[in-house]
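Structure record follows, encoded as C-alpha cells.
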Amino acid sequence: AAGARQRRGAFIVFEGLDRSGKSTQVARLVQQLNERGVKAVAARFPDRTLTTGKMIDSYLSQKADLDDRAIHLLFSANRWERANQILEDLNRGTTVVCDRYAFSGIAFSAIKGLSWSWCRAPDIGLPAPDLVLFLRISPSAAQSRGGFGDERYEKTEVQQRVKGAFKRLGESVEEGKWVELEADRGVDEVGQEVLRRVEEVLQGAGMDKEVGKLWT
Ligand code: Z5A
Ligand code: MG
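Here the sequence shown is numbered in the UniProt record's numbering, starting from 20 and rising by one per residue.
Following this line, the structure appears as C-alpha cells:
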C-alpha cells in the first residue's frame, strides 16, 4: 500500500559458551542470506577495532587489569559505539548478524558478584535483538574443538558459572525470542536449523515494526 513502511532487516544475535561455534555460524549465516538475495552483515562484540575495544582487548589478553565495574562499562560502551550503525543498517533493510551481545555482558559480570540490575542498566535502550540463538554445547564436545586459549575467561570453572547465568537470562527474555540450539552437531546441520529460524523471523510481522529497545 502507498506509504507503507519498507520492511526492515532482522537483528539476530548468537550467544553461547567458548567454542560453541558462534563465529562459524555468524559467517555461514551472513553468506547464506546474501546468496539468497537477503542483505546481511556481521557484527561482533567485543569489537576490538573500536576505541573501547583496544582496552577490552588488553583486559582479555591479561595485559591490563581493570576494576570489575570499569570493564563491565567498557563492554557496554563498546556496544553503544556501534549501536547507531546497527540501527541504520536494520532500518535500511539490512539484516545484522551479531556474535555475542549484552547477554554475554551480564553473564560474565554477574558471576563476579555484581548485581543483576546493575549489570543490566548500562545496556538499557540498545537495539533489541529480534532473535537470540543460544548455541548449547557439552563441555566434552567443546573440549574436542581444541584446548582453551590464554584469555581471561577461558577456564572450565568460569564457563560453568557463565552457563548458569545464561540459563537465567534465557528465562528473562520475551517468549520465543531466545532459542537454544544443540551445537554439538556438524556445522551444516546446525546451520540449517539456524537458517530456518532466521527465515521465520524475516517473514514475520516483526519486520514491519520498529526495532525494539533492550529491556524497556
Ligand atoms: N565478554 C564479556 O565479558 N562481556 C561482554 O559484554 C562480551 C563478551 C560481549 C571474548 O569473546 C570474551 O569476552 C568472551 C566473553 C567476554 N570470553 N569468553 N569465553 P570472543 O567472542 O572474542 O571469544 P569467544 O566467543 O570465546 O570465541 P570462540 O572461542 O572463538 O568461540 P566461538 O566463536 O563460539 O567458536 P568458533 O570460533 O566458531 O569455533 C571454535 C572452533 O570449533 C573452531 O576451530 C571451529 O572451526 C570449530 N567448530 C565450530 N563449529 C563446529 C561444529 N559444529 N563442529 C565441530 N567443530 C566446530
Ligand atoms: Mg568466536
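Just so you know, even glycine gets a beta-carbon here, dropped at the ideal spot from N, CA and C.
Residues that Asn201 bridges to, as DSSP identifies them: On the sequence shown, position 182 is the one that residue 201 refers to. Per the sequence shown, residue 201 should be read as Glu rather than Asn. Beta-bridge pairing links Glu201 to Arg155.
Beta-carbon separation (whole angstroms), Arg155 vs Asp118, contact threshold 8 Å: Within the sequence shown, residue 155 is the residue found at index 136, counting from 1. Within the sequence shown, residue 118 is the residue found at index 99, counting from 1. Arg155 to Asp118, Cβ: 16 Å. No contact.
Same chain, Cβ closer than 7 Å to Lys182, five either side skipped, listed in chain order: Residue 182 sits at position 163 when you count from the first residue of the sequence shown. Leu36, listed in sequence order.
Run of the alpha helix (DSSP H) containing Arg215, from where it starts to where it stops: If you number the sequence shown from 1, residue 215 lands on position 196. It spans Val206 to Gln222 - the alpha helix (DSSP H) in which Arg215 sits, taken as one unbroken run.
Ser39 beta carbon near ligand 1 (any heavy atom closer than 7 Å): Working through the sequence shown from its first residue, we reach residue 39 at position 20. At a cut-off of 7 Å, the beta-carbon of Ser39 counts as near ligand 1: some heavy atom of the ligand is closer than that.
Buried versus exposed, by CB contacts within 10 Å (16 or more), Ser163: Here residue 163 refers to the residue found at position 144 of the sequence shown. With fewer than 16 other Cβ atoms within 10 Å, it is exposed.
First through last residue of the alpha helix (DSSP H) which encompasses Ile125: Translated into the one-based positions of the sequence shown, residue 125 becomes position 106. Counting along the chain, the alpha helix (DSSP H) containing Ile125 begins and ends at Ala121 to Ala129.
Rounded C-alpha distance that separates Asp227 from Gln50: To locate residue 227, count along the sequence shown from 1; it is residue 208. To locate residue 50, count along the sequence shown from 1; it is residue 31. The straight-line gap from Cα to Cα measures roughly 24 Å.
DSSP-derived helix/strand/coil call for Asp118: For this step, residue 118 is matched to residue 99 along the sequence shown. Three-state result, Asp118: strand.
Contact under 8 Å by Cβ, Arg146 with Val230: Counting from one through the sequence shown, the residue named residue 146 turns up at place 127. Counting from one through the sequence shown, the residue named residue 230 turns up at place 211. One point to set straight first is that residue 146 is Pro, not Arg, in the sequence displayed. For Pro146 and Val230, yes; Cβs fall inside 8 Å.
Lys131 versus Ser191: straight-line alpha-carbon distance, rounded: Translated into positions along the sequence shown, residue 131 becomes position 112. Translated into positions along the sequence shown, residue 191 becomes position 172. If you take the alpha carbons of Lys131 and Ser191, they lie about 20 Å apart.
Ala160 versus Val151: straight-line alpha-carbon distance, rounded: Here residue 160 refers to the residue found at position 141 of the sequence shown. Here residue 151 refers to the residue found at position 132 of the sequence shown. Roughly 22 Å separates the two Cα atoms.
Sub-8 Å separation of Gly166 and Gln44 beta-carbons: Along the sequence shown, read from residue 1 onward, the residue named residue 166 stands at position 147. Along the sequence shown, read from residue 1 onward, the residue named residue 44 stands at position 25. Contact: no.
Closest Cα partner of Glu193 within the set Asp203, Arg67, Lys232 and Val213: Counting from one through the sequence shown, the residue named residue 193 turns up at place 174. The candidate whose alpha carbon is nearest that of Glu193 is Lys232.
8 Å contact criterion, which Leu133 and Asp87 should meet: CB distance rounded: By one-based count along the sequence shown, residue 133 stands at place 114. By one-based count along the sequence shown, residue 87 stands at place 68. That pair is a contact at about 6 Å.
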